[in-house]
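Q:
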Amino acid sequence: MAIIDKEILAQFRDKRTQQDAFKVLVRQYSSKIYWHARRMLRNHEDANDVTQEVLVKIWSNLLNFKEESALSTWIFRITTNETISFIRKAGRHLTVAETEIPDTSSNSSESIPFNEGDTLKKLNRAIESLPVKQRQVFILRYYDEMKYEEMSEVLSTSVGALKASYHHAVKKIEQSVLND
Amino acid sequence: MHQSNRMNDKRRDIKSEIESIAPNLESYLDDSDLLVPVGYFDQLEEEVLSKVQPASSPNHWYKWVIGIAAMIAISLVGFRYLLHEEPIHYSFEAQLADMNDEELLAILEDDLDVSGEELIELGFAEDMRVEIETQIVDEVAEVDRQYDDSLIESEWIFDDDLDALTDEEWYELLNSNLGI
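Quick look at the structure:
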């Protein structure tokens, strides 16, 4: 487990430093949680809801975290579960919902004017065409840069099954993007 | 978080993996144009912290007041219970309601200077009629019994053979009965 994660946990267990420890955790992980949710849901508002829900759950359950896995793995497990739960509750295959957001910045550090190009639209459609589980595997691997071993812990799926799922997802996206 | 300008080993592995599956796909997967409102993550941190903050100090103060008031109330009830304190009725009607018939009759006898029998005759304390009448019958029976006993004793004296009395016995009999 990363040193910073150990410090966060130690400080969180002390009532006097709990708030500060949680602030560090939020700064460390909120962006990762948000971007996973955003790429899964393709919508800022929904991603924001899921991110807040995940962070509140982390606060409520962090004292029960037994350190049997890395903190990041535990946080991603909560994130993926909340995202899937959100999709099921919404009862819809989330559609392309990227509309103009006034006063925005990109996921890179530089702020750029909003202009969703054709390429991004094609990518959105391709990712949305994937079954939820394949979409999850593709995003965790390609964008979240997660190792298969960690992904196996997060999704409780074997590494072999994850590699196969990723392969199928990439092929489908390629087909969708090139034929769109 | 994915940073398009950063190429590390992990990123390189992922790129080479996807190129081996779909050689022409990589250029379509850049989503750095996905946008978030400016200052979103700072605002997110504040929002989440406000949701997980413990109750603020005014609420603590309010809870303390409620707690102390509850303790005082419980203490008073307990103290009163320990003293077996009966509720006090201040109204005359309430005091009368708590009295039984005997107590009522005693008050009326004192205040009106009449006997219980007379009160019963006047229609007061109807429930006590049988009890008082029984008491009267018992008293009469006792007087009769005492009278009968005295008669029996007298008969024993006059049944004696007066002729058999000696002079001293005559003298004693006359002395005790006639005082001569």
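Taken in order, these protein sequences are the chains called R and F. For reference, each letter of the first sequence is one residue, going 0 to 179 in numbering that gives the first Met the number 0. For reference, each letter of the second sequence is one residue, going 0 to 179 in numbering that gives the first Met the number 0. All C-beta atoms, glycine included, are put in the ideal place defined by N, C-alpha and C.
(1) Between the alpha carbons of R/Ile-77 and F/Tyr-80, how many angstroms are there, rounded?
(2) Considering only residues of the same chain and omitting the five flanking positions on each side of R/Asp-143, which have a CB-CB separation below 8 Å?
(3) For the stretch 43-59 of chain R against the stretch 43-52 of chain F, do three or more pairs of beta-carbon atoms, one drawn from each stretch, fall closer than 8 Å, so that the two count as touching?
(4) Count the other CB atoms within 10 Å of the CB of R/Trp-73; is the residue buried (16 or more) or exposed (fewer)?
(5) Measure the Cβ-Cβ separation of R/Ala-89 and R/Val-136 and say whether it is below 9 Å.
(6) By DSSP, does F/Leu-34 sit in helix, in strand, or in coil?
(7) Using beta carbons (cut-off 9 Å, strictly below), is F/Ile-17 in contact with chain R?
(8) Helix, strand or coil: how does DSSP classify F/Asp-143 here?
(9) Closer than 7 Å by C-beta to F/Asp-166: which residues in its own chain qualify, once you throw out the five before and the five after it? Chain order, please.
(10) Output the residue ranges of the alpha helix (DSSP H) runs that lie fully inside the stretch 114-170 of chain R and measure 4 residues or longer, sorted by chain position.
(11) Between F/Ala-105 and F/Glu-168, what straight-line distance do the alpha-carbon atoms span, to the nearest angstrom?
(12) By DSSP, does R/Thr-98 sit in helix, in strand, or in coil?
(13) Helix, strand or coil, according to DSSP, for R/Glu-67 in the structure here?
(14) Pull out every residue of the stretch 18-36 of chain R whose Cβ sits closer than 8 Å to any Cβ of chain F, in chain order.
(15) Taking 9 Å as the threshold (beta carbon to beta carbon), is R/Thr-122 in contact with chain F?
(16) Could you give the residue range of the alpha helix (DSSP H) that holds F/Tyr-39?
(17) Measuring straight from C-alpha to C-alpha, what distance separates R/Ala-160 and R/Thr-79?
(18) May I ask you to report which of helix, strand or coil DSSP gives R/Asn-178?
(19) Quick check on R/Phe-11: buried or exposed, where buried means 16 or more other Cβ atoms within 10 Å of its Cβ?
(20) Since F/Asp-8 meets chain C, which of its residues come closer than 8 Å, beta carbon to beta carbon?
(21) Which bits of chain F does R/Leu-8 rub up against, with CB to CB less than 8 Å?
(22) Count the other CB atoms, across all protein chains shown, that sit within 10 Å of the CB of F/Met-98; report buried if there are 16 or more and exposed otherwise.
(23) Which bits of chain F does R/Gly-116 rub up against, with CB to CB less than 9 Å?
A: Reading off the structure:
(1) As a first step, residue 77 of chain R must be located in the first sequence, where it is residue number 78. As a first step, residue 80 of chain F must be located in the second sequence, where it is residue number 81. So the two alpha carbons sit approximately 54 Å from each other.
(2) Counting from 1 along the first sequence, the entry for residue 143 of chain R is found at position 144. The answer, listed in chain order, is Lys-31, Trp-34, His-35 and Phe-75.
(3) yes
(4) Position 74 of the first sequence, counted from the first residue, corresponds to residue 73 of chain R. Flag for R/Trp-73 reads buried.
(5) As a working mapping, residue 89 of chain R is identified with position 90 in the first sequence. As a working mapping, residue 136 of chain R is identified with position 137 in the first sequence. Going by C-beta atoms, R/Ala-89 is not nearer than 9 Å to R/Val-136.
(6) Position 35 of the second sequence, counting from 1, holds the residue named residue 34 of chain F. The answer is strand: DSSP assigns F/Leu-34 an E or B state.
(7) Here residue 17 of chain F refers to the residue found at position 18 of the second sequence. True, the Cβ-Cβ gap to chain R drops below 9 Å.
(8) Within the second sequence, residue 143 of chain F is the residue found at index 144, counting from 1. Here F/Asp-143 sits in helix by DSSP.
(9) If you number the second sequence from 1, residue 166 of chain F lands on position 167. Same-chain partners within the cutoff: there are none.
(10) 117-127, 131-137 and 147-154
(11) Taking the second sequence and counting its residues from 1, the one referred to as residue 105 of chain F is at position 106. Taking the second sequence and counting its residues from 1, the one referred to as residue 168 of chain F is at position 169. For F/Ala-105 and F/Glu-168, the distance between alpha carbons rounds to 53 Å.
(12) In the first sequence, the residue the question calls residue 98 of chain R occupies position 99. Confidence at R/Thr-98 is low in this model, with a pLDDT of 41, below 50, so its placement is unreliable and the value that follows should be read with caution. Residue state, collapsed to three classes: coil.
(13) Against the first sequence, residue 67 of chain R aligns to sequence position 68. Three-state result, R/Glu-67: coil.
(14) Gln-18, Phe-21, Lys-22, Val-25, Arg-26, Ser-29, Ser-30, Lys-31, Tyr-33 and Trp-34
(15) Translated into the one-based positions of the first sequence, residue 122 of chain R becomes position 123. Reading off the sequence shown, one finds Leu at residue 122 of chain R, where the question assumed Thr. Output row for R/Leu-122: interface = yes.
(16) As a first step, residue 39 of chain F is located in the second sequence; it is residue number 40 there, counting from the start. Counting along the chain, the alpha helix (DSSP H) containing F/Tyr-39 begins and ends at 39-51.
(17) Here the question's residue 160 of chain R lines up with position 161 in the first sequence. Here the question's residue 79 of chain R lines up with position 80 in the first sequence. Between R/Ala-160 and R/Thr-79, the C-alpha separation is close to 17 Å.
(18) The residue labelled residue 178 of chain R in the question sits at position 179 within the first sequence. Correct three-state label for R/Asn-178: helix.
(19) Taking the first residue of the first sequence as position 1, residue 11 of chain R is located at position 12. Buried, because 16 or more other Cβ atoms sit within 10 Å of the Cβ of R/Phe-11.
(20) Absent from the structure is chain C; the protein chains it does hold are R and F.
(21) Position 9 of the first sequence, counting from 1, holds the residue named residue 8 of chain R. Those within 8 Å of R/Leu-8 in chain F number zero; the least Cβ separation is about 16 Å.
(22) Counting from 1 along the second sequence, the entry for residue 98 of chain F is found at position 99. Classification of F/Met-98: exposed, given that the 10 Å Cβ count is below 16.
(23) Translated into the one-based positions of the first sequence, residue 116 of chain R becomes position 117. Here the neighbours are Asp-32.
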